[in-house]
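Input: a single structure, listed below in structure tokens.
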Ligand code: UDP
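Numbering (my numbering), first residue to last: 57 to 551.
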């Protein structure tokens with residue numbers, strides 16, 4: 057075990073959702089590889105779901121510690137769990153608002169209790185790295201005298217739109233739900249954005265929902281964060297990041313995924329992964345459309361039907377991830393009757409897979425995606441152009457980056473519009489079998505190069521992460537009166 061006496065100890069608390077957990081795990085590994093001691097805290101429910109997924113995939117259970125392998129490879133990552141306030145088996149997908157209300161009102165009490173215990177037992181904590189969507193980081197960090205690092209797992213563009221919600225309110229673009237079409241051109245670092253490309257929660261007319269309460273509180277807290285780490289790349293959003301950096305120490309440190317392997321050493325899938333390799337091996341290069349709507353957003357039955365019929369008519373090979381409760385209900389088969397019989401020769405449906413392994417397989421030629429930010433970064437990394445079908449939250453804004461700014465995908469729909477099977481089928485054919493698809497493939501190679509470069513020793517994300525560590529060390533020294541962060545007096549700070 058590495059010597060912890062001279063190391064920065066970070067308490068790392070990811071949001072208990074798949075798309076937030078994945079980049080958080082990768083970042084924790086990265087920071088540990090740069091010398092941090094990390095205490096990583098999952099909710100008991102997330103831990104339970106990961107363990108269940110692992111044992112149904114037939115993998116061994118690493119003593120209830122998802123970082124056991126990482127530790128064996130020399131990384132100093134400890135692992136703890138905390139209750140989110142609900143029973144572990146409680147179905148959070150089917151009871152979304154109740155789950156969110158617990159994150160809004162209950163989780164902080166359990167986190168507070170956990171930090172109190174950790175600070176009693178040591179090693180002392182220097183900083184807390186917590187997801188920006190939590191509603192308590194600043195309050196808790198102040199209470200325990202911790203440096204507050206906010207982890208933003210979406211693009212900088214989305215961060216700045218939430219951060220400047222007050223400007224949207226002032227100009228009447230907040231909660232305007234389709235009523236305004238004039239361009240938004242007053243957000244610092246954002247040249248222009250269409251109101252329909254705002255995150256859905258900023259467009260909704262009803263702002264009384266539990267998710268809205270979370271967002272309002274979370275961004276009030278985020279304004280007090282000492283540092284913000286963002287899973288993006290400077291070269292992809294330079295103006296936005298530069299403008300944010302004037303207001304806050306904001307570091308673009310993405311993409312966080314392990315770039316030399318499609319498999320992580322840490323288990324973090326919430327559902328058992330189906331292995332699609334053999335099936336993919338049997339298909340010609342570039343012939344398979346990968347379809348996934350991520351882990352969180354529900355899809356309406358009517359939309360699923362139209363997509364399914366569009367896929368059927370397009371005649372392409374496909375792998376479709378249909379996770380449990382994709383329609384926010386426990387209806388058994390969300391697909392039209394007879395769909396699979398008709399497509400048996402050319403498609404498979406899986407409940408979950410290792411997405412990076414699928415996207416990096418040479419048979420995959422396109423990705424029909426809901427535009428989750430991780431999915432976009434992964435698709436770029438694997439050079440797979442996208443068909444965009446945003447559903448909720450940041451996906452509308454991410455979609456604008458992919459289609460309008462970087463030109464590495466085409467949209468099936470903008471915003472919340474319904475689409476027909478004919479439109480779906482025509483767009484799939486355009487992506488998979490026309491020059492347009494080839495142009496997108498060329499373009500995505502360029503964007504991929506930016507991602508590759510950023511992770512090289514002199515690349516921007518690599519430099520930003522080192523800069524963050526340097527700034528953090530200086531702040532620790534200033535805050536706790538030590539000469540350098542590596543001096544042993546680091547351990548004597550007062551908590
Ligand atoms: N994912 C996966 N297997 C699947 C579908 C998705 O491992 O079958 C992963 C995907 O690689 C990504 C994450 O789940 O890292 C989804 O995050 P994203 O931001 O794309 O969407 P969200 O689920 O947050 O809406």
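Note that beta-carbon positions come from the ideal geometry of N, C-alpha and C, so glycine has one too.
Residue i and residue j look like a contact to me (Cβ under 8 Å); what is the Cβ gap, rounded to whole Å?
i           : j           : result
residue 195 : residue 277 : 7 Å
residue 313 : residue 434 : 7 Å
residue 163 : residue 140 : 5 Å
residue 156 : residue 67  : No, residue 156 and residue 67 are not in contact; Cβ-Cβ is about 23 Å, not under 8 Å.
residue 32  : residue 408 : Residue coverage of the chain in this structure runs from 57 to 551, which leaves residue 32 outside it and unanswerable.
residue 306 : residue 271 : Actually they are not in contact, since the Cβ atoms of residue 306 and residue 271 sit about 19 Å apart, beyond 8 Å.
residue 326 : residue 126 : About 19 Å; that fails the 8 Å criterion.
residue 583 : residue 511 : The displayed coordinates of the chain run from 57 to 551. Any statement about residue 583 would go beyond what the structure contains.
residue 419 : residue 339 : 4 Å
residue 223 : residue 242 : 6 Å
residue 310 : residue 422 : So it is not a contact: roughly 23 Å between Cβ atoms.
residue 181 : residue 69  : Between residue 69 and residue 181 the Cβ distance is about 11 Å, and since that is not below 8 Å, they are no contact.
residue 390 : residue 360 : 5 Å
residue 468 : residue 486 : The Cβ separation is near 10 Å, so there is no contact.
residue 328 : residue 149 : So it is not a contact: roughly 15 Å between Cβ atoms.
residue 86  : residue 521 : 7 Å
residue 425 : residue 214 : That belief does not hold up - the Cβ atoms of residue 425 and residue 214 are roughly 16 Å apart, past 8 Å.
residue 356 : residue 439 : 31 Å between Cβ atoms; not a contact.
Thinking C-beta only, is residue j closer than 9 Å to residue i?
i           : j           : result
residue 372 : residue 488 : yes
residue 427 : residue 253 : no
residue 301 : residue 477 : no
residue 375 : residue 347 : yes
residue 450 : residue 255 : yes
residue 483 : residue 448 : no
residue 322 : residue 138 : no
residue 63  : residue 525 : no
residue 171 : residue 133 : no
residue 136 : residue 106 : no
residue 289 : residue 84  : no
residue 334 : residue 474 : no
residue 445 : residue 349 : yes
residue 295 : residue 246 : yes
residue 406 : residue 462 : no
residue 260 : residue 231 : yes
residue 441 : residue 500 : yes
residue 411 : residue 384 : no
residue 65  : residue 92  : yes
residue 169 : residue 266 : no
residue 367 : residue 332 : no
residue 130 : residue 535 : no
residue 79  : residue 207 : yes
Between the Cα of residue i and the Cα atoms of the options, which residue gives the shortest distance?
i           : options               : result
residue 238 : 250, 363 and 515      : 250
residue 212 : 173, 268 and 429      : 429
residue 75  : 161, 443 and 287      : 287
residue 459 : 191, 436, 208 and 378 : 436
residue 532 : 159, 418, 204 and 397 : 204
residue 365 : 100, 403 and 456      : 403
residue 274 : 129, 159 and 446      : 159
residue 280 : 264, 259, 303 and 296 : 303
residue 77  : 513, 182 and 101      : 101
residue 351 : 377, 363, 342 and 337 : 377
residue 165 : 308, 199 and 152      : 199
residue 554 : 111, 191 and 500      : No answer is possible for residue 554: it lies beyond the span of the chain, which begins at 57 and ends at 551.
residue 128 : 208, 520, 88 and 143  : 88
residue 190 : 515, 269, 535 and 456 : 269
residue 142 : 178, 124, 176 and 104 : 104
residue 120 : 131, 98 and 234       : 98
residue 248 : 193, 457 and 534      : 457
residue 401 : 336, 491 and 536      : 336
residue 342 : 178, 122, 262 and 490 : 490
residue 147 : 380, 219, 124 and 79  : 380
residue 297 : 262, 354, 264 and 219 : 219
residue 234 : 221, 122, 176 and 262 : 262
residue 151 : 122, 227, 176 and 354 : 354
Segments assigned beta strand (DSSP E), at least 3 residues, entirely inside the segment 299-323: 306-308
Contiguous beta strand (DSSP E) assignments of at least 3 residues, all confined to the segment 80-135: 93-99
Segments of 4+ residues assigned as alpha helix (DSSP H) that fall wholly inside the segment 426-462: Within the segment 426-462, the complete alpha helix (DSSP H) runs of at least 4 residues are 429-437 and 451-456.
Entirely enclosed alpha helix (DSSP H) segments - the segment 126-191, minimum 4 residues: 152-161 and 163-177
Beta strand (DSSP E) runs contained entirely in the segment 181-245, provided each spans 3 or more residues: Listed in chain order, they are 183-187 and 203-208.
Runs of alpha helix (DSSP H) wholly within the segment 256-292 (minimum 4 residues, chain order): 256-259 and 266-278
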